[in-house]
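Written out below as structure tokens is the structure these notes cover.
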Amino acid sequence: MLFLAKLCGILTLIWFYMTAKNHGGPLLNWPVIGLIGYWLTWWLSKMLIVVPLAGMVPKHSVVEFLLTQLPVLCSLAVCYLIRGKLIASLSAVDK
Numbered sequence: 230m231l232f233l234a235k236l237c238g239i240l241t242l243i244w245f246y247m248t249a250k251n252h253g254g255p256l257l258n259w260p261v262i263g264l265i266g267y268w269l270t271w272w273l274s275k276m277l278i279v280v281p282l283a284g285m286v287p288k289h290s291v292v293e294f295l296l297t298q299l300p301v302l303c304s305l306a307v308c309y310l311i312r313g314k315l316i317a318s319l320s321a322v323d324k
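Count along the sequence shown starting at 1, add 229, and that's the number in our numbering.
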């Protein structure tokens, strides 16, 4: 079940690298920021959302699968916001 989380982590690294390359940002800093943001958010959402909800939901395979993928969705949403902030900060420096 962690395969999707690992895959999204690698794709986030590539996504931030390509964004830095296209916008003229630092090619090493942005992917590292994106990866740290992804894994930190994944871990926090797992501890704060999944662990408390795990006892409340029925032990059904579909519900368990969806619940374990919730940190991935939270992490991708936060990475989208981080990416937007990095692009905005780069645009603010250019002005």
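Don't be surprised by glycine CBs; every beta carbon is placed ideally from N, CA and C. If you're wondering where the values come from, they're calculated on a predicted model, not measured in any experiment.
{"Query": "Same chain, Cβ closer than 8 Å to residue 268, neighbours up to 5 away in sequence not counted", "Result": "238 and 304"}
{"Query": "Buried or exposed by the 16-neighbour rule on C-beta atoms within 10 Å, applied to residue 254", "Result": "buried"}
{"Query": "Distance between residue 323 and residue 292 (C-alpha atoms, nearest Å)", "Result": "47 Å"}
{"Query": "The region 283-303 / the region 232-247 touching (three or more Cβ pairs under 8 Å)", "Result": "yes"}
{"Query": "Contact under 9 Å by Cβ, residue 310 with residue 249", "Result": "no"}
{"Query": "Helix, strand or coil at residue 286 [DSSP, three-state]", "Result": "coil"}
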